[in-house]
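All remarks here apply to the structure that follows.
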Amino acid sequence: MPATVVVGAQWGDEGKGKIVDLLAQSSDVVCRYQGGPNAGHTIIAEGETFKIRQVPSGVISGKTSVIGGGCVVDPEVLLGELDDLRARGVDPSVVVLSGNAHLIMPWHVAIDRASERRLGKLQIGTTRRGIGPAYADKAARIGIRVQDLLDAKILREKIATALAEKNVWLERVYETEPFDLEDVAARYQGYAERLRPYIDDASLLVDRALRGGADVLFEGAQGTLLDLDHGTYPFVTSSNPVASGAATGIGIGPSRIDRVIGVAKAYVTRVGEGPFPSEIEGPDHERVRELGAEFGTVTGRQRRCGWLDLVALRYAVRLNGITSLALTKLDVLSVFPQLPVCVAYRLRDGSETRDFPPHQSDFHHAEAVWEVLAGWEEPLDDATTVGDLPGAARRYVEFVERDLDVPVELVGVGAERERVLAGA
Ligand code: IMP
Numbered sequence: 017m018p019a020t021v022v023v024g025a026q027w028g029d030e031g032k033g034k035i036v037d038l039l040a041q042s043s044d045v046v047c048r049y050q051g052g053p054n055a056g057h058t059i060i061a062e063g064e065t066f067k068i069r070q071v072p073s074g075v076i077s078g079k080t081s082v083i084g085g086g087c088v089v090d091p092e093v094l095l096g097e098l099d100d101l102r103a104r105g106v107d108p109s110v111v112v113l114s115g116n117a118h119l120i121m122p123w124h125v126a127i128d129r130a131s132e133r134r135l136g137k138l139q140i141g142t143t144r145r146g147i148g149p150a151y152a153d154k155a156a157r158i159g160i161r162v163q164d165l166l167d168a169k170i171l172r173e174k175i176a177t178a179l180a181e182k183n184v185w186l187e188r189v190y191e192t193e194p195f196d197l198e199d200v201a202a203r204y205q206g207y208a209e210r211l212r213p214y215i216d217d218a219s220l221l222v223d224r225a226l227r228g229g230a231d232v233l234f235e236g237a238q239g240t241l242l243d244l245d246h247g248t249y250p251f252v253t254s255s256n257p258v259a260s261g262a263a264t265g266i267g268i269g270p271s272r273i274d275r276v277i278g279v280a281k282a283y284v285t286r287v288g289e290g291p292f293p294s295e296i297e298g299p300d301h302e303r304v305r306e307l308g309a310e311f312g313t314v315t316g317r318q319r320r321c322g323w324l325d326l327v328a329l330r331y332a333v334r335l336n337g338i339t340s341l342a343l344t345k346l347d348v349l350s351v352f353p354q355l356p357v358c359v360a361y362r363l364r365d366g367s368e369t370r371d372f373p374p375h376q377s378d379f380h381h382a383e384a385v386w387e388v389l390a391g392w393e394e395p396l397d398d399a400t401t402v403g404d405l406p407g408a409a410r411r412y413v414e415f416v417e418r419d420l421d422v423p424v425e426l427v428g429v430g431a432e433r434e435r436v437l438a439g440a
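Taking this note's numbering, the leading residue of the sequence shown gets 17, the next gets one more, and so forth.
Next comes the structure, spelled out in structure tokens:
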């Protein structure tokens, strides 16, 4: 199967990094197709922990690692990551950066912060990395792209044009400090020199790889419910994490994608604001957060925790065309004698639905309808395949498969690469 998309099936933080790292072992190319340094992928390989935000997870295993045109790139973060990888003995020369990707500029970060401050109670809870403002400029056709770094004159002109407007906003609307043209131009010229060797035609490279029979992995950042078009708007990110985003974000046709692996935690987490029908109430919330170490990789924020929500997961299966699932962090549930699973939502009029409500007011008021499964109350350390899991843990996995009519291909039971078990 040459082209595989790995997509987050919940609100991000599903443990995609680990699954991509595992699948990358047998792939030739790994691509990021959307998002930017708002993503935080944690990978534990050979006892070392890597936290990467901008570079595809495949870099750890030395695979060609493509940052597609659908991404936004903060050059300072990217260069910092490349330096760090080099210092830790990982070769960063495998990284390929699309010239079509948009640059996150310092004013994007400043506007992201200032606009969240201004929104106060209504804030989105962004990662404050400039993601929304960078994508907004892209859509308004006033963004600055990676390829602009290749021409010093064009780069300076574009920075000057942007600053003439952004500084007015920063000073008059957001009442914050403006940026100095010389300062920004000199900094970005410095980044340009260092990024030049990585810039290439990502679409052509991936097309050639696929034609040559290579295995290509497309790594989604964030998750389905954070998708700009299909997620829980406005509490979403500004790009398209759904699987079809891989085609536009890299520059290949949708017919080239062979399979889509949805990654979902055995429970659910969410950072930032917004409704969350299966959110856990009472002391179990803190227990799941502690056992699952549910604190943001990028922001360090505490994540909100919920029991598994099959209504939302069913929606993710539909939106992404998920062909199999990877269920991560099953071990976190090992201490609980009973495991509620949300199988439907009860709406304001008292009706129940198994489908994700298309109207946001219905979702805001939706209450979880639970089915309670038995826990296994023993560690999962000894299992080497899904078949080895304790009976109740197997039944939990089978319940998900049956309800969604999708096979669970992989089950995560620990932090290391080896602790991902293959399904039957
Ligand atoms: P932004 O992507 O920084 O604009 O943030 C928009 C929303 O997406 C916020 O609710 C963030 O918490 C959320 N978000 C962005 N990236 C991630 C991620 O990698 N994991 C989980 N949530 C994320």
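The beta carbon of each residue, even a glycine, is placed where N, CA and C say it ideally should be. Since the model is a prediction, treat every value here as computed from it, not as a measurement.
Euclidean distance between Cα positions of residue i and residue j
i	j	result
Gly239	Gln354	27 Å
Ile277	Leu233	10 Å
Thr20	Gly403	25 Å
Ile83	Arg48	5 Å
Leu197	Ile59	38 Å
Asp44	Lys79	6 Å
Ser350	Lys34	20 Å
Tyr151	Pro373	27 Å
Tyr412	His380	28 Å
Ala476	Lys137	A question about residue 476 goes unanswered here, because the residues of the chain that appear run from 17 up to 440.
Ile273	Glu432	28 Å
Glu393	Thr401	18 Å
Leu221	Ser255	23 Å
Minimum C-alpha distance to residue i - residue among the options
i	options	result
His124	Asp167, Ile170, Leu396, Ile147	Ile147
Ala178	Glu193, Val162, Glu191, Ile158	Ile158
Leu211	Thr58, Arg286, Glu92	Glu92
Leu186	Leu166, Arg129, Val327, Ile120	Arg129
Ala280	Leu343, Arg330, Arg303, Glu306	Leu343
Gln41	Val23, Ile76, Lys32	Ile76
Arg370	His381, Cys358, Pro299, His380	Cys358
Cys87	Trp27, Gln70, Asp419, Leu98	Gln70
Asn183	Pro122, Ala168, Pro213, Leu165	Pro122
Thr143	Arg435, Ala55, Arg411, His301	Ala55
Ile338	Leu95, Glu97, Ser260	Ser260
Arg364	Val106, Leu95, Asp378	Asp378
Arg227	Gln376, Glu235, Gly269	Gly269
Asp262	Glu62, Arg286, Asp216, Asp223	The displayed chain sequence assigns Ala, not Asp, to residue 262. Looking at the Cα atoms, Asp223 is the closest of the given residues.
Thr65	Gly85, Leu101, Gly115, Asp90	Leu101
Residue i vs residue j beta-carbon contact at 8 Å
i	j	result
Phe311	Arg317	yes
Ser73	Val46	yes
Pro423	Glu414	no
Tyr283	Val348	yes
Ala332	Gly51	no
Gly290	Thr248	yes
Val388	Ala360	no
Leu171	Ala208	yes
Ile160	Leu119	yes
Lys345	Gly428	yes
Gly430	Leu242	no
Ile175	Ser219	no
Pro257	Val23	yes
His246	Leu335	yes
Val162	Leu98	no
Range of the contiguous beta strand (DSSP E) that encloses residue i
i	result
Phe234	232 to 235
Tyr283	Here Tyr283 belongs to no beta strand (DSSP E), and DSSP marks it neither H nor E.
Lys182	Note, Lys182: premise wrong, no beta strand (DSSP E); alpha helix (DSSP H) at 168 to 184.
Lys67	64 to 68
Val48	This sequence places Arg at residue 48; Val is not what is there. Per DSSP, Arg48 belongs to the beta strand (DSSP E) from 45 to 48.
Gly24	19 to 24
Pro72	Unbroken run through Pro72: none, as it is neither H nor E.
Ala55	Looking at the DSSP string, Ala55 is not in any beta strand (DSSP E), and its letter there is neither H nor E.
Gly428	424 to 428
Val357	354 to 362
Helix, strand or coil at residue i according to DSSP, with G and I counted as helix
i	result
Leu324	coil
Thr400	coil
Ala61	strand
Ile160	coil
Leu341	strand
Gln205	helix
Val304	helix
Ala103	helix
Extent of the continuous alpha helix (DSSP H) run through residue i
i	result
Ala409	407 to 420
Ile35	32 to 40
Phe379	376 to 381
Thr264	261 to 266
Ala150	147 to 155
Arg319	That residue, Arg319, is in no alpha helix (DSSP H); it is neither H nor E in DSSP.
Leu131	The question names Leu, but residue 131 is Ser in the sequence shown. Ser131 -> alpha helix (DSSP H) spans 122 to 135.
Pro459	Outside the modelled stretch of the chain, which goes from 17 to 440, sits residue 459, for which no answer is possible.
Ser219	218 to 227
Heavy atom of the ligand ATP within 7 Å of residue i beta-carbon
i	result
Leu242	This structure does not include the ligand ATP; its bound ligands are the ligand IMP.
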